[in-house]
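Remarks on the structure that follows.
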Amino acid sequence: MKILVCISHVPDTTSKINFTDGDTKFDTNGVQFVINPNDEFGLTRAMWFKEKQGATVHVVNVGGPETEPTLRKALAIGADEAIRINTAPTDGFSVAKQLANVIKEGNYDLVIGGRESIDYNGGMVPGMVAKLTGFNFVNTCIGLEVEGTQATAIREMDGGKETLKTSLPLVIGGQKGLVEESDLRIPNMRGIMQARTKPLMVKEAADLTTETASVKFEKPAPKGAVKLVNTAAELVNLLHNEAKVI
Amino acid sequence: MSILVYTESEGGKFKKIAQEAVSFAKGIANAMGTSVTAVTINAENTAELGKYGASKVLEVTNDTLKNFNAEAYASIVSEAAKKEGAKVVVVSSSANSKFMAPFIAVELEAGYVPNVTALPESTAPFKVKHTVFSNKAFSVTEIKTDIKLVGLAKNAFGVKESETSVSTESFSPQVNLGSVETVSIDKATDKVSIADAEIVVSGGRGLKGPENWGMIEELAGVLGAATACSKPVSDMGWRPHSEHVGQTGKPVASNLYIAIGISGAIQHLAGINSSKVKVVINNDAEAPFFKAADYGIVGDAFEVVPKLTEAIKKLKSA
Ligand SMILES: Cc1cc2nc3c(=O)[nH]c(=O)nc-3n(C[C@H](O)[C@H](O)[C@H](O)COP(=O)(O)OP(=O)(O)OC[C@H]3O[C@@H](n4cnc5c(N)ncnc54)[C@H](O)[C@@H]3O)c2cc1C
Ligand SMILES: Nc1ncnc2c1ncn2[C@@H]1O[C@H](COP(=O)(O)O)[C@@H](O)[C@H]1O
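This is the structure:
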């Protein structure tokens, strides 16, 4: 089985979100970038397929040179090969088209992406990739088993989950549950050393127009101070008469 | 040219997000001088969508579509959009809508923006505001394609009535079920889901152990609320993963969010920013949650929560 894990390179979850250039650009000053958490669960599941079922694992990112440390980290965790498609990932649709090109060339059986990137929260790339490549697709995937060309996936839905049966080639939009938090791996020294010599290929991007473009960013209005109350009765009174939510 | 809206139903009944989506589509239609067509799948009493502004309903009735099927549902919405010559297609932000929306976008060559919180700032060029960075900011994004696909954020726009005379028509496009097949569904029918809930009661590590969740469930019970938890609570197996809210868990966009024994870490708050009213109960006055909350009680959860449940019972029986 040949697996491609799509990695988006995102600000660490504790990052302060600020904008520059008249609120048109994300301020990367002092921001640490990491593997998108949903993709890290997927990558770890891919490592399981590699170790237990002999799968080959490639990782891919659509982005500029600044994302290479993130790809190296994925290699240090155990991916065999990395691909960077050299263009700024400005909108989900064009990222999906770039990825679809690589997937068609690479003969992948399984493409693992995340439910969403925690920066732009698009939640669209894996589904678009599936539609563009004709692969089957399962979103919000919290469990995946593959046997031969058959796959069983568990999908989280609003208010429950469902078990789905499908076949390869397959794209998933994964999240926590694919593996547990405790299964996530911190690259060790050996992994980091090996990652330095593993292939990281840079591909030129296809020339595409973008479908959407962010015009400006805004931050939510600052919140008023909390109203502290002493008793449960007082709280109920406020929620009923003032906030009118109960 | 009309605005096409996909209206979700469950067991034949429209969900609140369907009413919100129609209200929102009506707002766009007014701005663009056109009307709203809704497409429904196995829904009953479809004419009630007229109340929120739909002029026309395309009704799909098909037994093979009892379970959600992303490929089939997406193709129905796409076909409806083509039939109506729609330039704007509206879906919601449920797990099902987010599953199928990317298919619709590709099929219609439509730029897609999810988590939209307000009517377009302008319709030519078409610019919409949506949440980004896990609700820590908004982006105003222009959709440049001929057909635009927007996903309405939950509970952001509200249900607005706009009585319109409505015609219904049965619609039977060809349905391709694809090759992802539902084997089984595991859904608690007696519990309110976090996604649908108006009120969410959430517990954190401050509750000390799973054996103490009885009082959380009781409070949720009297409020008709869903229960949720912080990430460590689900990591330790005190509660199921499906209850974990936050940046890496479920987003919550309820009217009321009650956080009990939760410190208010940035990753937790990222998931609940779009909740309207936030209440914190924590025995540490310095807990960061107090900075994010609207109302708070500094106190021991084990004392406050049972009293809160009693006070709500009293209110409900009054
Ligand atoms: C990459 C990453 C992603 C993450 N994603 C998420 C996420 O999606 N969701 C999430 O929740 N967390 C997430 N976290 C974890 C987050 O940083 C916090 O560790 C977590 O939210 C803390 O959970 P807690 O508030 O339940 O526990 P604690 O931080 O331990 O807080 C417990 C609180 O309970 C209070 N307390 C104790 N006893 C009582 C009592 N008797 N009565 C009342 N109050 C009491 C304490 O004062 C304290 O404030 C993430 C972390 C990382 C690194
Ligand atoms: N620039 C990118 N490069 C590679 N994969 C990406 C990129 N952007 C998004 N993805 C993948 O698509 C998933 C969903 O992203 P999004 O649609 O941006 O929310 C991510 O979790 C990644 O797996």
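Read top to bottom, the protein sequences are chains D and W. When we follow numbering that gives the first Met the number 0, the leftmost residue of the first sequence carries the number 0, and every step to the right adds one. When we follow numbering that gives the first Met the number 0, the leftmost residue of the second sequence carries the number 0, and every step to the right adds one. Positions of the beta carbon are idealized from the N, C-alpha and C atoms, including for glycine. Everything numeric in this text was worked out from a predicted model, so none of it was measured.
- Collapsing the DSSP output to three states places D/Arg83 in a strand.
- Taking 9 angstroms as the cut-off, the Cβ atoms of W/Tyr51 and W/Lys128 do not count as close.
- Within the stretch 193-215 of chain D, the residues whose Cβ lies closer than 9 angstroms to some Cβ of chain W are Thr208, Thr209, Glu210, Thr211, Ala212, Ser213, Val214 and Lys215, listed in chain order.
- W/Phe301 has a beta carbon lying at 9 angstroms or more from every beta carbon in chain D.
- When Cβ pairs closer than 8 angstroms are counted between the two stretches, the stretch 135-155 of chain W is seen to touch the stretch 119-127 of chain W, the count reaching three or more.
- Beta-carbon to beta-carbon, W/Gly260 and W/Ala300 are separated by about 5 angstroms, close enough to satisfy the 8 angstroms threshold.
- With the criterion CB distance below 5 angstroms from any heavy atom of ligand 1, the matching residues run D/Thr12, W/Gly203, W/Arg204, W/Gly205, W/Ser229, W/Lys230, W/Pro231, W/Gly245, W/Gln246, W/Thr247, W/Gly248, W/Gly260, W/Ile261, W/Ser262, W/Ala264, W/Gln266, W/His267, W/Asn281, W/Asn282, W/Asp283, W/Ala286, W/Asp299 and W/Ala300 along the chain.
- A straight line joining the alpha-carbon of D/Phe48 with that of D/Met0 spans about 8 angstroms.
- When C-alpha distances from W/Gly11 are compared across W/Glu19, W/Thr36, W/Thr45 and W/Leu3, the shortest belongs to W/Thr45.
- Bridge partners of W/Lys147 according to DSSP: W/Val87 and W/Gly110.
- For W/Asp145, no chain D residue has a C-beta closer than 7 angstroms to its own C-beta; the minimum C-beta separation is roughly 10 angstroms.
- D/Gly113 has D/Gly173 as its beta-bridge partners, per DSSP.
- The straight-line gap separating the alpha-carbon atoms of W/Val88 and W/Gly177 is approximately 23 angstroms.
- Close to W/Lys126, with beta-carbon spacing below 7 angstroms, are these residues of chain D in chain order: Val214.
- Residues of chain D with a Cβ closer than 7 angstroms to the Cβ of W/Glu216 do not exist, since the nearest Cβ in that chain sits about 16 angstroms away.
- Taken atom to atom, the span from the alpha-carbon of D/Ala81 to that of D/Leu42 is near 12 angstroms.
- Counted as a single uninterrupted DSSP element, the beta strand (DSSP E) harbouring W/Asp185 occupies residues Glu180 to Lys186.
- For W/Thr39 against W/Ser8, the beta-carbon gap comes to about 6 angstroms, under 8 angstroms, which counts as contact.
- W/Lys126 is bridged by DSSP to W/Ser121 and W/Glu141.
- Among the CB atoms of chain W, one or more fall inside 9 angstroms of the CB of D/Ile245.
- In the three-state reduction of the DSSP assignment, W/Phe288 falls in the helix class, which pools H, G and I.
- Those residues of the stretch 227-244 of chain W placed with their C-beta closer than 7 angstroms to a C-beta in chain D are Asp234, His240 and Ser241, ordered along the chain.
- Taking a Cβ-Cβ cut-off of 7 angstroms, the neighbours of D/Leu163 in chain W comprise Val179, Glu180, Thr181 and Val182, given in sequence order.
- Placement of the Cβ of D/Cys140 at a distance of 8 angstroms or more from every heavy atom of ligand 2 is found.
- Around the C-beta of W/Ser316, fewer than 16 other C-beta atoms lie within 10 Å, and the residue is accordingly described as exposed.
- Nearest in C-alpha terms to D/Glu180, of all of W/Gly248, W/Asp234, W/Gly110 and W/Glu43, is W/Asp234.
- For D/Thr148, the CB contacts under 6 angstroms within the same chain, skipping 5 residues up- and downstream, are Ser166 and Leu167 in chain order.
- Taking C-beta atoms under 8 angstroms as the contact rule, D/Val56 and D/Asp79 qualify, at a distance of about 5 angstroms.
- Remark: three or more beta-carbon pairs, one from each stretch, lie closer than 8 angstroms, so the stretch 120-133 of chain D and the stretch 95-106 of chain W are flagged as touching.
- Annotation: Cβ neighbours of D/Ser166 in chain W (cutoff 7 angstroms, chain order): Ser178.
- One thing to note: W/Gly270 has its Cβ no nearer than 9 angstroms to the Cβ of W/Ala286.
- Residues of the stretch 26-56 of chain W with a C-beta less than 8 angstroms from any C-beta of chain D: none at all.
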